[in-house]
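So the structure is just underneath, and the comments pick up after that.
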Amino acid sequence: MHPTPREGSRLAVGVVSAGRVGAVLGAALANAGHTVVAASAVSRASRARAEELLPGAEILPPDEVVRRADLALLAVPDDVLPGLVRGLAASDCLRPGQIVVHTCGAAGVGVLAPAAEHDVLPIALHPAMTVTGRREDVARLSGACIGVTGPEGSDRWSTSASSVSEDADAAWLVGEALVVEMGAEPVRIPEAMRPLYHAALAHGANHLVTLVREAADILSGAGIEPAERVLAPLLSAALDNALRHGDRALTGPVVRGDAGTVATHLRHLDDRAPDAAPLYRALARRTAERARAGGLVDPAAADDVVAALERPRR
1 MHPTPREGSR LAVGVVSAGR VGAVLGAALA NAGHTVVAAS AVSRASRARA EELLPGAEIL
61 PPDEVVRRAD LALLAVPDDV LPGLVRGLAA SDCLRPGQIV VHTCGAAGVG VLAPAAEHDV
121 LPIALHPAMT VTGRREDVAR LSGACIGVTG PEGSDRWSTS ASSVSEDADA AWLVGEALVV
181 EMGAEPVRIP EAMRPLYHAA LAHGANHLVT LVREAADILS GAGIEPAERV LAPLLSAALD
241 NALRHGDRAL TGPVVRGDAG TVATHLRHLD DRAPDAAPLY RALARRTAER ARAGGLVDPA
301 AADDVVAALE RPRR
């Protein structure tokens with residue numbers, strides 16, 4: 001029988017490793033009533049994180065962490081995960097009925113195939129939330145979404161067709177139950193869609209940070225301080241409007257078809273912030289394309305904006 005989380009149940013959780021995501025999800029599981037019995041932590045930062053967020057967890061090598069766990073949480077970088085899973089599968093630390101969860105965004109449960117051969121329950125959980133590894137991140141999980149992926153019914157995790165279907169259903173349900181216990185909202189992500197799911201999150205969150213810092217640097221370069229104070233109300237409103245209203249939230253010279261202003265921006269960016277100019281060009285072009293497709297700008301005016309963007313630097 002697979003250990004399905006339910007009210008009053010307690011799972012022994014092992015965290016490999018106590019990085020930002022692993023420590024935060026481990027702490028969230030502990031808050032839900034489970035017990036983090038062990039964690040792997042090599043660096044000074046990860047050991048400090050384990051001490052703060054996973055108090056009482058014994059620091060052990062990864063195979064020993066997994067051996068002690070009912071739920072093994074593999075929170076390692078994407079490129080490390082396949083080798084880790086193969087190593088765990090070969091080290092005799094897995095047992096039937098264990099829940100093995102990884103947190104990589106772009107991978108589904110296929111990467112857990114070597115572990116699944118030991119009749120564990122393979123699940124992929126990925127928080128759609130920026131995680132810094134601090135205690136406040138645990139609170140931020142409340143109300144956030146976590147992408148859940150379990151085996152598809154056709155995946156061969158068991159020896160019989162009926163067992164395959166039952167195990168697949170169990171994995172999805174256990175994954176969703178764990179997410180709910182952590183206070184987050186589960187969102188089912190099919191195996192084949194994990195890379196696109198993760199690309200969307202990385203594009204939105206990571207590149208948003210880059211864009212905000214570029215804008216702040218341009219303001220600082222113009223002697224306008226504090227740049228963050230100037231940007232905060234504008235960007236907060238823009239994000240809220242974009243999430244509420246989609247492309248209709250677009251404002252500014254591109255959606256107005258004001259090619260002259262765009263050309264002026266580019267002249268000054270090329271002179272004073274040349275590293276930022278290519279990003280401005282790329283995003284302004286995409287903005288013009290979205291505005292044109294949505295009927296938000298006259299096609300001829302959009303052509304003028306694109307022409308200004310393509311005009312070589314003088």
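Counting in the UniProt record's numbering, the sequence shown runs from 1 upward without gaps.
Cβ coordinates follow ideal geometry from the N, Cα and C atoms, glycine included.
Computed from a predicted model, the values in this text were never measured in an experiment.
C-alpha distance - residue i paired with residue j, whole-angstrom precision
| i | j | result |
| --- | --- | --- |
| I59 | D70 | 17 Å |
| P77 | E289 | 35 Å |
| A282 | H245 | 23 Å |
| L201 | A128 | 7 Å |
| M193 | A199 | 10 Å |
| L219 | H203 | 23 Å |
| D240 | D119 | 45 Å |
| A170 | E152 | 11 Å |
| A238 | V255 | 14 Å |
| A273 | A216 | 12 Å |
| G115 | D79 | The sequence given here has Ala at residue 115, not Gly. Going by the C-alpha atoms only, they are around 17 Å apart. |
| A184 | R135 | 16 Å |
| L234 | S142 | 26 Å |
| V21 | H268 | 41 Å |
| A168 | I123 | 10 Å |
| I189 | A222 | 44 Å |
Same chain only: Cβ atoms within 6 Å of residue i, ignoring 5 sequence neighbours per side
| i | result |
| --- | --- |
| A259 | D304, V305, A308 |
| A249 | N241, A242 |
Helix, strand or coil at residue i according to DSSP, with G and I counted as helix
| i | result |
| --- | --- |
| T251 | coil |
| T264 | helix |
| A287 | One detail in the question is off: residue 287 reads as Thr in this sequence, not Ala. Of the three classes helix, strand and coil, the one that applies to T287 here is helix, per DSSP. |
| S220 | helix |
| residue 328 | As shown, the chain starts at 1 and ends at 314. That puts residue 328 outside it, with no answer to give. |
| P226 | coil |
| T210 | helix |
| A307 | helix |
| V15 | strand |
| H245 | helix |
| H34 | coil |
| E117 | coil |
| A184 | coil |
| L71 | strand |
| E52 | helix |
| P190 | coil |
| A237 | helix |
Beta-carbon proximity of residue i to residue j, cut-off 8 Å
| i | j | result |
| --- | --- | --- |
| E176 | V212 | no |
| R311 | D270 | no |
| L121 | V100 | yes |
| A276 | E228 | no |
| G108 | E225 | no |
| R292 | A300 | no |
| A75 | T103 | yes |
| A232 | V262 | no |
| V297 | G252 | no |
| P195 | I146 | no |
Sequence-distant residues of the same chain with beta carbon closer than 8 Å to residue i, five excluded per side
| i | result |
| --- | --- |
| E64 | A38, C93 |
| V138 | V24, A27, A28, N31, L53 |
| R47 | A18, A41, I59 |
Supposed contact pair residue j and residue i - C-beta distance, whole angstroms, cut 8 Å
| i | j | result |
| --- | --- | --- |
| V131 | L73 | Not quite, the Cβ-Cβ distance comes to about 13 Å (not below 8 Å), so this is no contact. |
Neighbourhood of residue i by C-beta distance below 7 Å, restricted to the same chain and skipping five residues each side
| i | result |
| --- | --- |
| G33 | R10 |
| G294 | D247 |
| E117 | A89 |
Residue-chain proximity (residue i, chain D), Cβ-Cβ < 8 Å
| i | result |
| --- | --- |
| G33 | Looking at the structure shown, chain D is missing, and only one protein chain is on hand. |
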